[in-house]
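As they're listed, the protein sequences go chains A and B. Note that full-length UniProt numbering gives residue 233 to position 233 of the first sequence, counting from 1, and the numbers run on in steps of one. Note that full-length UniProt numbering gives residue 328 to position 328 of the second sequence, counting from 1, and the numbers run on in steps of one. Working notes, structure below.
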Amino acid sequence: MTENEMTSNDSTEPTPTTETAASSPDPSGDPLIEQSIDVEGTDATAGETGKPVIESSDLNVFYGETQALQSIDLAIPEKQVTAMIGPSGCGKSTFLRCINRMNDLIDAARVEGDLYFEGKNVYDADVDPVALRRRIGMVFQHPNPFPKSIYDNVAYGLRIQDQTENIDEKVETALKRAALWDEVKDQLDKSALDLSGGQQQRLCIARAIAVDPDVILMDEPASALDPIATSKIEDLIEELAEEFTVVIVTHNMQQAARISDKTAVFLTGGELVEFDDTDKIFENPDSQRVEDYITGKFG
Amino acid sequence: MATREPETGWHGENSDVNHLRGRAFEATCLAATAFGLVSVMLLLLFVANDAFRPFSADAGWLATYAATVVVPLAALAVYYYRLDEPAGEVAYVTSGLPVVGLLLTGGFAVLFIELLSVLEWFALLISLVVAGGLIVAHGRLRPKAALERLAVVLLAPIITVFGLPPTRFNWFVTDAAAALGLDFGLYYRVISLREAILMLPFVPTDWVMLLLTLVLPIAGAAGWFVEQRRESRRDGLTVVGLTTAVAVLGVVAGPLLGIGTDVWLLIVTFAVLPLGVYVEGVLRRGEGVRGLAFPVVAVLGVVVGGVVTGALGFAGPDPWLDWGFLTSATSRTAADAGIYPAMVGSVMMIIVIVLTTFPVGVGAAIYLEEYAPSQGLMGKFVTLIEINIGNLAGVPSVVYGLLGLALFIRVLQWPQGSIIVAGLAVGLLILPIVIISAQEAIRSVPDSFRQASYGMGATRWQTIRQVVLPEALPGILTGTILALGRAIGETAPLLMIGAAASVRLAPNSFFDVASMMPRQIFSWSSELDPSFRHGVLAAGVITLLAVLLVMNATAIVIRNRYQRTG
């Protein structure tokens, strides 16, 4: 199913592509779960712009001499899935890492401009990036569980944040929300490294949501996984958007079309070319370059 | 492609690839390896022959032991290797465990004879346990007070072990007590719990203190381990109970067998307990049970050999390296010479090195890898420092000896040739090696773990403490132990700081003048009597090598044990 969509998208011209994204509730042999997701995700909330929770204005990022982001203005709505797509090296991951100030860890990185989280500029001098990251969780491209037990992985965030009350319950809740509980409930003290790649990534998501952040940033969370594991992660993201603001970077345009409410298209040179409702981007983009990119003429 | 001549091809005689140079290179490399290995082994064989002198024995003696020990054990080894590999593993462990256990026993026995009385050990341990208890209790009562916790963690061990120096506050308390007609005899300082225990008018006898502070904790740990493994509380309690019972039994039976009570307790703890737990596990699992035959055959062979040689009147060899050599001081006559004081000196020197170099070296490595900036002017400075640490690792050891002489003896006026000076000078020598190997270990922790931790909102300290260090620790320990192996064999710094050429009494304090094994060996090399130069010297070298081998084996075991799978 997932693969079908992919191939049909890749091989056909613009109109069918956008149709797939917009009209997937149309029963065309897709499994029930996919349909319901698209109904909830794309159709139910598309068009209604939530309150913006993350806003950037004139954000520039430099790595040494190279400019990685050029004057980005973007407003990410609350409790929706916002996807960032674009070719390699376009700065979408860099933007994501600006939100929770993970770029601080790279000595060569320099950020100019403003990025507001709940109305507060996160680059103000009085912001503690550690405290900020406790509100904005992150899931990485490659599953990176700690070499500890499954339980300790999920409990890690709770422990470092001194939330040591009812830790068992919180671990269980997080694993259930990450749709991993049934698979691991009997082996919580086994090493997390023994899990499969897809399970590891869901564990990382459980780890991120265990501390109940406001926003979850995902940096190509499914790019290292096989199609079945990918579809599980996608289902999960849809569900998470009911409670969290999700920002996801992806290489996979079909993935963005399937799961996101809003899509930002970055193109080479760190430029934000278009940001709008996902339907609009995939059906009728304003920019010719975006259309070319989406239809596979380049990138 | 089409222009290639038809007679060159990719099969048959006329293949057009030339392998000659490759083969010649491979053969040269093999020759170099073989030459190195063979020459080192020949050298070791010569030294071992001088130290043990096996051929000074009667031919009958050698033949008897070959028949009772060597041949049966070799046959067993071949059997394990060919037919029963799990049993080979069991044989290996059951032969190794007692050896390691007896070495540990020896170490602790020397500790109690030379450095601490059992009472001092007891007081120190109780004080540390109380300090730990205070820290845990504080953590439970006030989990949020981070700064307070830091103070408690630092102060609790200091107060319980060392007490507080005279301060205005103490004067006030003591004066107030004196005004009330109470004289605690506090000498204007707060005495530590340790000192208080030492002053007690009545103390338990040595074996009771050892039972409480050594046997019970280790038996408890073993019991806990067994309980976790088998998920049976009864098995765990059995381990603790049996160990304690055997230990107490020794108090009665030990003197009858001619073994001191303290030594009996140490043997039970370090040799009997681990061996017992392991053997019981093997028997219960029923896998590799035949491996247990190996140590039994070895012991039986020695006993039978002894009976036979005694009955037939075969004389054994007269080795230089024997029990007397290990337990007596050096002497003017080669036959009486021993290495015991130098061995104690070496061990105490290693203690100084571990206590100083390990924290400093690992701390520096953590700073350089995790905190130091990599950009800008400071980044350049850090790079300069790292390059120079590499250079320092290559500085000749005699230079470090000179540094020790100038710094510790001339400037600080510490006693010439004392253990503390030797330990610090050699510690400085291996410090760069410790830093570099710890840096390697920390660098090998994947960056994705750090990213994950920071992404969860962990501070740098939490990331290092909970993610980086646990992952890097096996590597750090391996590198440090290998560096310590280098330290124990260093001679030049010891000569420079004036370590004693030979001492008759083992050192009792870190400020005593002492000799260390390599220094003692060096002074034997210049004795006039050839038996010193050929026999005693060889025995010393073999002892030193054996210590080194044990240390390196420990490093390898740690590395293999903690190597991450998958």
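Every residue, glycine too, gets a C-beta built ideally from N, C-alpha and C. For clarity, every value in this text was computed on a predicted model and none was experimentally measured.
In the DSSP assignment, the beta strand (DSSP E) including residue i goes from what residue to what residue?
i          : result
Thr-263(A) : 262-267
Ser-56(A)  : 52-63
Leu-212(B) : Taken as a continuous stretch (DSSP letters only), Leu-212(B) belongs to no beta strand (DSSP E), as it is neither H nor E.
Glu-271(A) : 271-277
Thr-82(A)  : 81-85
Terminal residues of the continuous alpha helix (DSSP H) containing residue i?
i          : result
Gly-137(A) : Careful: Gly-137(A) lies outside any alpha helix (DSSP H), inside the beta strand (DSSP E) at 136-139.
Thr-383(B) : 376-393
Leu-473(B) : 469-489
Val-547(B) : 537-562
Ile-218(B) : 216-230
Thr-238(B) : 233-257
Ile-159(B) : 146-161
Val-263(B) : 261-267
Where does residue i sit, in a helix, a strand or coil, going by DSSP?
i          : result
Gln-520(B) : helix
Tyr-456(B) : Going by the sequence as given, residue 456(B) is Met instead of Tyr. It is coil, neither helix nor strand.
Thr-333(B) : coil
Pro-432(B) : helix
Leu-69(A)  : strand
Glu-283(A) : helix
Phe-408(B) : helix
Thr-245(A) : strand
Ala-75(A)  : strand
Thr-357(B) : helix
Val-190(B) : strand
Thr-327(B) : helix
Asp-292(A) : helix
Ser-515(B) : coil
Ser-444(B) : coil
Ser-525(B) : coil
Ser-418(B) : strand
Leu-424(B) : helix
Leu-104(B) : helix
Leu-128(B) : helix
Leu-200(B) : coil
Leu-321(B) : coil
Would you report the Cα separation of residue i and residue j, rounded to the nearest angstrom?
i              : j          : result
Asn-252(A)     : Gln-67(A)  : 24 Å
Gly-485(B)     : Met-551(B) : 6 Å
Asp-336(B)     : Phe-522(B) : 18 Å
Arg-465(B)     : Trp-61(B)  : 59 Å
Asp-189(A)     : Glu-231(B) : 14 Å
Met-84(A)      : Leu-193(A) : 29 Å
Val-246(A)     : Gly-113(A) : 23 Å
residue 570(B) : Met-41(B)  : Outside the shown range of chain B, which is 1 to 566, sits residue 570(B), and nothing can be said about it.
Asp-175(B)     : Ala-156(B) : 24 Å
Val-434(B)     : Met-496(B) : 22 Å
Gln-375(B)     : Glu-238(A) : 41 Å
residue 609(B) : Leu-125(B) : Outside the displayed range of chain B (1 to 566) lies residue 609(B), so it cannot be described from this structure.
Ser-437(B)     : Leu-477(B) : 9 Å
Ala-425(B)     : Gln-416(B) : 12 Å
Gly-316(B)     : Leu-545(B) : 24 Å
Lys-170(A)     : Gln-163(A) : 10 Å
Ala-241(A)     : Pro-221(A) : 15 Å
Gly-489(B)     : Ala-51(B)  : 18 Å
Gly-401(B)     : Val-304(B) : 52 Å
Leu-300(B)     : Leu-292(B) : 13 Å
Thr-94(B)      : Gln-520(B) : 34 Å
Ala-131(B)     : Ile-218(B) : 19 Å
Gly-538(B)     : Thr-330(B) : A small correction: the amino acid at residue 538(B) is Ala; Gly does not occupy that position in the sequence shown. One C-alpha to the other measures close to 14 Å.
Leu-198(B)     : Leu-132(A) : 53 Å
Ala-151(B)     : Ile-159(B) : 12 Å
Following a CB-centred definition, is residue i positioned closer than 7 Å to any heavy atom of the ligand ADP?
i          : result
Ala-553(B) : No copy of the ligand ADP occurs in the structure displayed, which carries no ligand at all.
>> Could you tell me which whole alpha helix (DSSP H) segments of length 4 or greater appear in the stretch 179-238 of chain A?
In response: 181-184, 197-210
- request: Please confirm if the stretch 235-245 of chain B is in contact with the stretch 257-265 of chain B, defined as three or more CB-CB distances below 8 Å between the two stretches.
  value: Counting C-beta pairs closer than 8 Å gives fewer than three between the stretch 235-245 of chain B and the stretch 257-265 of chain B, which falls short of the contact rule.
### Query
If you scan the stretch 103-155 of chain A from start to end, which runs of the beta strand (DSSP E) of 3 or more residues do you find wholly inside it?
If we require 3 residues or more, the beta strand (DSSP E) runs fully inside the stretch 103-155 of chain A come out as 109-117, 136-139.
*Which runs of the alpha helix (DSSP H) fall wholly inside the stretch 288-318 of chain B and span at least 4 residues, in chain order?*
293-312
Can at least three beta-carbon pairs, one atom from the stretch 24-39 of chain B and one from the stretch 271-286 of chain B, be found at a separation below 8 Å? No: fewer than three Cβ pairs fall under 8 Å.
Ranges of the alpha helix (DSSP H) found wholly within the stretch 2-53 of chain B, counting only runs of at least 4
20-52
Worksheet entry | Whole runs of the alpha helix (DSSP H) within the stretch 46-99 of chain B, excluding any shorter than 4 residues | Within the stretch 46-99 of chain B, complete alpha helix (DSSP H) segments of at least 4 residues are found at 59-65, 71-83, given in chain order.
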